[in-house]
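One structure is given here, and the rest of the page talks about it.
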Amino acid sequence: MPMDSVNRRKLKELVDVERASYVTRHPRSKALSDASVNLLAGVPMTWMKKWAGGFPLGFQSARGATIRDLDGHELVDFALGDTGAMAGHSPAPLMEALTRRVGVEGGVTTMLPNEDAQWVAAELTRRFGLSRWSFTLSATDANRWMLRLARMVTKRPKILVFSYSYHGTVDETFVVVDEAGHAHSREGNVAPMVDPTTTTRVVEFNDLAALERELSYGDVAAVLSEPALTNIGIVLAQPGFLEGVRALCDASGTLLILDETHTFSAGPGGATKRYHLAPDAITIGKSLGGGVPCGAFGLSEELAARVMDGVNEGVDIEDVGGVGGTLAGNALSLAAMRAVLGEVLTDDAFGPMEQLATMFSEGVQATIDARALSWSITQLGARCEYRFASPAPVNGGDSFKSSDPLLEEFLHLYGVNRGVLLTPFHNMALMCPATTKNDVTRHQLVFDAAVDELVS
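This note's numbering puts the last residue of the sequence shown at 458; the count rises by one with no breaks.
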């Protein structure tokens with residue numbers, strides 16, 4: 003059943019039923035939302051408005067892969083804070099490290115180094131292969147600061163991103179390319195400081211010819227790329243594409259920065275280690291600290307030397323040069339990262355997480371096949387996502403066109419009303435060390451029931 007042949011009237015009726023059930027089942031969450039008059043848009047951070055149902059769930063507790071909402075319902079959590087809780091909610095090693103840092107040793111932020119920083123940097127070097135690291139409070143910070151350093155060492159003004167890639171809230175990355183090949187600010191981009199097409203070149207993912215053309219101008223300091231697109235649905239690199247990106251960067255004197263914030267799901271060293279990639283720099287955030295705000299960027303030995311040459315020539319990365327922040331590398335974040343990397347998201351943790359993602363993906367695909375749906379599901383390690391297109395999209399533009407907001411709302415509400423939580427921004431499911439086979443089976447039963455109602 004192609005997406006455009008879905009009975010839209012029936013879909014709307016099903017959504018209305020689920021919306022009504024959502025309101026009935028969650029009176030305390032609705033009361034919390036109604037009372038939040040002093041919060042902009044009624045939520046602590048405006049993205050929280052994205053949840054289906056008209057108001058977000060209020061939660062009272064979260065442990066492992068389970069959330070308990072204000073009305074006492076327990077939900078299997080496949081959203082995991084949209085990747086921020088990939089370690090699971092409040093794993094014991096993280097709680098012990100935070101208690102020790104705050105209560106026993108003391109000192110949340112001192113703007114002084116401690117041994118945790120060196121341990122985390124060494125561990126990131128072991129996992130990703132890059133030898134010099136610095137810490138931030140988010141992947142957005144890491145990307146923003148890394149782009150400054152790239153421009154500094156190359157003395158080039160522009161960057162290049164792939165259409166519908168996601169690199170946090172870095173202003174100049176919100177640029178896409180239309181079907182005619184024209185670049186423009188992404189729809190919904192709020193009042194950018196400058197038109198991002200003046201700072202950024204953009205091409206479709208998996209299009210080496212377009213990349214070669216845009217790099218030929220010689221004005222691009224760095225290609226900033228996810229190893230796979232993740233926030234517009236998972237779009238995997240086609241065979242040879244990532245190697246081609248590296249070769250084109252080398253040929254044009256362009257740096258390659260890989261944003262592993264979401265693709266960390268591919269394994270202990272992210273997609274970089276899994277696919278034997280060789281970036282000049284890596285950025286990462288969210289999941290490193292188990293939900294405690296943190297991020298990092300890593301540089302190759304050669305790139306680090308170029309940065310330090312600039313410092314020796316008077317470039318300011320120690321004060322007001324726009325690289326760094328008072329809270330970056332704070333003791334609490336570093337304690338969290340050490341606990342998560344050392345005791346939770348260990349090398350051994352990823353295999354079982356990926357096996358569960360495979361179970362999830364194969365179950366969804368079997369349902370798609372059995373009901374003859376023109377949908378697809380794509381897996382990246384411990385992460386998987388279904389799209390309303392078949393075959394799976396190969397670039398951001400195609401993935402964007404496969405979106406169906408009403409259908410997504412139905413599936414999300416149907417899940418929440420039956421104890422299964424997906425990521426609000428898309429149909430993404432992520433496994434953590436606490437996720438179980440029973441959790442995956444529960445989603446499968448709910449997914450099958452939702453599809454049966456849709457196609458019956």
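Note that beta-carbon positions come from the ideal geometry of N, C-alpha and C, so glycine has one too.
Residue i versus residue j: straight-line alpha-carbon distance, rounded
i, j, result
"Arg158", "Ala351", "41 Å"
"Asp84", "Val222", "31 Å"
"Asp311", "Met361", "50 Å"
"Thr443", "Pro426", "21 Å"
"Phe57", "Ser31", "8 Å"
"Pro93", "Val196", "42 Å"
"Met5", "Ala307", "Because the pLDDT at Met5 is just 48, under 50, the model does not fix this residue reliably, and the value given afterwards should be weighed accordingly. Each residue's Cα considered, the two are about 52 Å apart."
"Asp454", "Gly86", "32 Å"
"Gly365", "Ser401", "22 Å"
"Leu72", "Ala141", "30 Å"
"Arg103", "Asp252", "44 Å"
"Asn191", "Leu408", "22 Å"
"Pro1", "Gly353", "Since the displayed the chain opens at 3 and closes at 458, residue 1 lies outside it and no answer follows."
"Ser248", "Asp406", "Position check: residue 248 holds Arg in this sequence, whereas Ser was assumed. The alpha-carbon atoms of Arg248 and Asp406 are separated by roughly 34 Å."
"Ala391", "Gly399", "12 Å"
"Met3", "Ala368", "The pLDDT assigned to Met3 is 37, lower than 50, so where the model puts this residue is not dependable; a value taken from the coordinates is nonetheless given after this. Going from the Cα of Met3 to the Cα of Ala368 covers about 15 Å."
"Asn145", "Val457", "43 Å"
Proximity to residue i [Cα-Cα], best of the options
i, options, result
"Tyr168", "Glu262, Lys403, Lys275", "Glu262"
"Arg27", "Gly271, Ile69, Leu59, Asn9", "Leu59"
"Tyr416", "Asp180, Ser23, Arg11", "Ser23"
"Thr348", "Pro435, Leu456, Val294", "Pro435"
"Thr438", "Leu358, His414, Ile379, Gly108", "Leu358"
"Tyr277", "Ala239, Glu189, Val205, Arg146", "Ala239"
"Pro194", "Thr171, Ala211, Ile379, Val122", "Thr171"
"Asn2", "Tyr166, Val418, Asp406", "Since the displayed the chain opens at 3 and closes at 458, residue 2 lies outside it and no answer follows."
"Phe207", "Leu13, Pro395, Lys403, Asp441", "Pro395"
"Ala65", "Ser458, Leu16, Ala337, Gly293", "This sequence places Arg at residue 65; Ala is not what is there. Taking only the C-alpha atoms, the option nearest Arg65 is Gly293."
"Asp180", "Thr200, Val205, Thr111", "Val205"
"Asp209", "Thr201, Leu250, Tyr219", "Leu250"
DSSP beta-bridge partners of residue i
i, result
"Ser2", "The question about residue 2 has no answer here: the residues shown for the chain are numbered 3 through 458."
"Tyr388", "Ile379"
"Glu76", "Arg70"
"His428", "Its beta-bridge partners do not exist; DSSP assigns none."
"Asn233", "Gly235"
"Thr285", "Asp261, Phe299"
Contacting residues, own chain, Cβ-Cβ under 7 Å from residue i (five flanking each side not counted)
i, result
"Gly300", "Leu126, Phe130, Leu132, Arg134, Trp135, Ala283, Ile284"
"Gln446", "Gly365"
Own chain residues within Cβ distance below 6 Å of residue i, not counting five before or after
i, result
"Leu382", "Ala230, Ile236, Ser267, Ala268"
"Ala43", "Lys51"
"Met430", "Glu387"
"Trp53", "Pro426"
"Leu343", "Glu125"
"Ser302", "Leu132, Asp282"
Beta-carbon contacts of residue i that lie in its chain and below 8 Å, excluding the five residues immediately before and after
i, result
"Leu149", "Ile161, Val172, Glu174, Ala223, Ala224, Leu226, Ile259"
Jot down the residue ranges of each uninterrupted alpha helix (DSSP H) in the stretch 18-49, minimum 4 residues, whole runs only, in chain order.
As summarised for the stretch 18-49, the continuous alpha helix (DSSP H) elements at least 4 residues long and confined to that stretch are 29-37, given in chain order.
Ignoring anything shorter than 3 residues or poking outside the stretch 86-165, list the beta strand (DSSP E) runs there in chain order.
134-138, 160-164
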